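Just so we're aligned, residue 649 is where the sequence shown starts under our numbering, counting upward by one.
By construction, the Cβ of each residue, glycine as well, lies at the ideal position given by its N, Cα and C atoms.
These figures come from a predicted structure and were not determined experimentally.
Notes follow once the structure below has been shown.
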Amino acid sequence: MNPQAKLIFTISLLLGTTITISSNHWITAWAGLEINTLAILPLISKYHHPRAIEAATKYFLTQAAASALVLFSSMTNAWHTGQWDITQLTHPTSCLILTTAIAMKLGLVPFHFWFPEVLQGSPLTTGLLLSTIMKLPPITLLYMTSPALNPTLLTSMAILSTALGGWMGLNQTQIRKILAFSSISHLGWMTIIISYNPKLTLLSFCMYALMTTAVFLTLNSINASKLSTLMTMWTKAPSLSAMLLLTLLSLAGLPPLTGFLPKWLIIQELTKQSMTPAALALSLLSLLGLFFYLRLAYCATITLPPHTTNHMKQWHTNKPTNTIIAILTTVSITLLPISPLIPTTI
C-alpha cells in the first residue's frame, strides 16, 4: 500500500476515534463511527486476496447495520424526549436498540459471528487495530449510557460472551481466530461490570489492549499465523518465546501477572453487588480461555522441532527484538503490584 494512503487512513482512524470519544451529541458520535469504519476498510483489504475482500465486505455490512441502529436509537430518543445528548438516553426502546447496536459494533454474543471471520481475513497489524482501537468508541458510548441500560440484559450477554468465547476457541488452529474468541471472552468481563462500576470496564479494556498489543506485535515480528508455524519459534527467538509465554498467561488472568488485576477487581465488585453466581460463572468459564492460551504457549515454547507436525520452515533471521514489544511485554506481566492504588482512583 502507498505510504501516503496508509498515513491518511491511520490519521482518519485516530480522528474518527477522537471525535466519537469526545462528543456529547449523537450525530457527531455517529459521524466518528462512520469515519472509523471507512478508514479501516482499506487496511483490511490491503492484500488483494479473496479472503481479505470477504472480510472487508463482512465488516462493512455489519458496521453499517450497527451505525444505522445507533442513529435510529438516538432519533427515537430525540423524538420522545427532545434530547440529543448522549448521557440523556432515557427512552426504554432507544436503550434496547442501542444495546443491540453496541453489541454488534463490539462483537458481543449473539452478534459475534462477523468478528472471527474478519480477523482471520485481515493482516496481523490490522487485526491488532480491530481488537483494540476499534473497540474504544463503542465502549465509550457504552460507558456514557451505562446508567440507562438494562443490567440483566448486559449480564446475560456478558456471561454468554465469556462462555462462547472460551468454548469456540478450544478447537481452533488459526492464531487470529483464537485471539478473536479471546477478545469476545474479555468483552464479556468488561460488559458485566459496566452497569455497576464503569471505571472498572475502562481499566479492564486498557489492560486487555496492552496485553493484546504485545501478543499481536510479537506474532507479527515472527510472522506466525497458525499453530504449526508457531512451533518453530523457540529455535528462532527463544527470549521472545519466553516473553510470549508470560504474556499469554497474563492474558489468561493467572494471579502473579497483570491480567489477574482487572478480573480480581471485577469479581470483588460483583460479590459486593450480591452477584456471586455471576462471578462464579465467569471464574469457571475463564478456565476455557486458560486452556487455549496454554495451548498457544505450549506450541510456542515447549514444542521443539523436529516433531511430527507438517509445517513450512521459515527463513532464520536475526532480527533484533523491537523495543516497543519489550516495553509492552514487561508492562503486561508486572503491573499487579500497583493494585493497592486502584481503589483510591476508582
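Cutoff 6 angstroms; reference residue i; Cβ partners in own chain excluding five residues on either side
{"i": "TYR791", "result": "PRO846"}
{"i": "SER770", "result": "ILE692 and ALA703"}
{"i": "LEU719", "result": "TRP678"}
{"i": "LYS911", "result": "GLY901"}
{"i": "PRO690", "result": "PHE657"}
Beta-carbon proximity check, residue i vs residue j, cutoff 8 angstroms
{"i": "SER980", "j": "SER869", "result": "no"}
{"i": "ILE787", "j": "PHE853", "result": "yes"}
{"i": "ASN798", "j": "ASP733", "result": "no"}
{"i": "LYS694", "j": "LEU767", "result": "no"}
{"i": "PRO657", "j": "ALA704", "result": "The sequence as given places Phe at residue 657; Pro does not occur at that position. No, the Cβ-Cβ distance between PHE657 and ALA704 is not below 8 angstroms."}
{"i": "CYS947", "j": "LEU875", "result": "yes"}
{"i": "LEU909", "j": "LEU984", "result": "yes"}
{"i": "ILE832", "j": "VAL757", "result": "yes"}
{"i": "GLY814", "j": "LEU936", "result": "yes"}
{"i": "ILE667", "j": "GLY680", "result": "yes"}
{"i": "LEU928", "j": "THR810", "result": "no"}
{"i": "GLN916", "j": "TYR844", "result": "no"}
{"i": "ALA714", "j": "LYS753", "result": "yes"}
{"i": "THR971", "j": "LEU893", "result": "no"}
{"i": "THR793", "j": "MET891", "result": "no"}
{"i": "LEU717", "j": "THR748", "result": "yes"}
{"i": "LEU896", "j": "TYR941", "result": "yes"}
{"i": "PHE939", "j": "LEU818", "result": "yes"}
Environment of residue i [buried if 16+ CB atoms lie within 10 Å]
{"i": "ARG699", "result": "exposed"}
{"i": "ASN871", "result": "exposed"}
{"i": "GLN652", "result": "exposed"}
{"i": "ASN725", "result": "buried"}
{"i": "TRP882", "result": "buried"}
{"i": "ASN684", "result": "buried"}
{"i": "PRO785", "result": "buried"}
{"i": "ILE986", "result": "exposed"}
{"i": "THR924", "result": "exposed"}
{"i": "GLN934", "result": "Sequence check: residue 934 is Ser here, not Gln. So SER934 ends up on the buried side."}
{"i": "PHE761", "result": "exposed"}
{"i": "HIS834", "result": "buried"}
{"i": "SER670", "result": "exposed"}
{"i": "PRO764", "result": "buried"}
{"i": "THR774", "result": "buried"}
{"i": "ILE975", "result": "exposed"}
Integer-rounded CB distance, given that residue j should sit under 8 angstroms from residue i
{"i": "THR780", "j": "THR860", "result": "6 angstroms"}
Close beta carbons around residue i, own chain, < 7 angstroms, minus the five adjacent residues each side
{"i": "ALA926", "result": "THR803, ILE807, ILE840 and LEU918"}
{"i": "MET649", "result": "LYS694"}
{"i": "ALA885", "result": "ILE870"}
{"i": "GLY1000", "result": "The question about residue 1000 has no answer, for the chain in this structure spans 649 to 994."}
{"i": "MET805", "result": "ALA751, LEU756, VAL757 and THR839"}
{"i": "GLN731", "result": "ASN725"}
Own chain, CB closer than 8 angstroms to residue i, minus 5 neighbours either side, in chain order
{"i": "THR729", "result": "GLN736, THR738 and HIS739"}
Heavy atom of the ligand ZN within 7 angstroms of residue i beta-carbon
{"i": "THR866", "result": "The ligand ZN is absent from the structure shown, which contains no ligands of any kind."}
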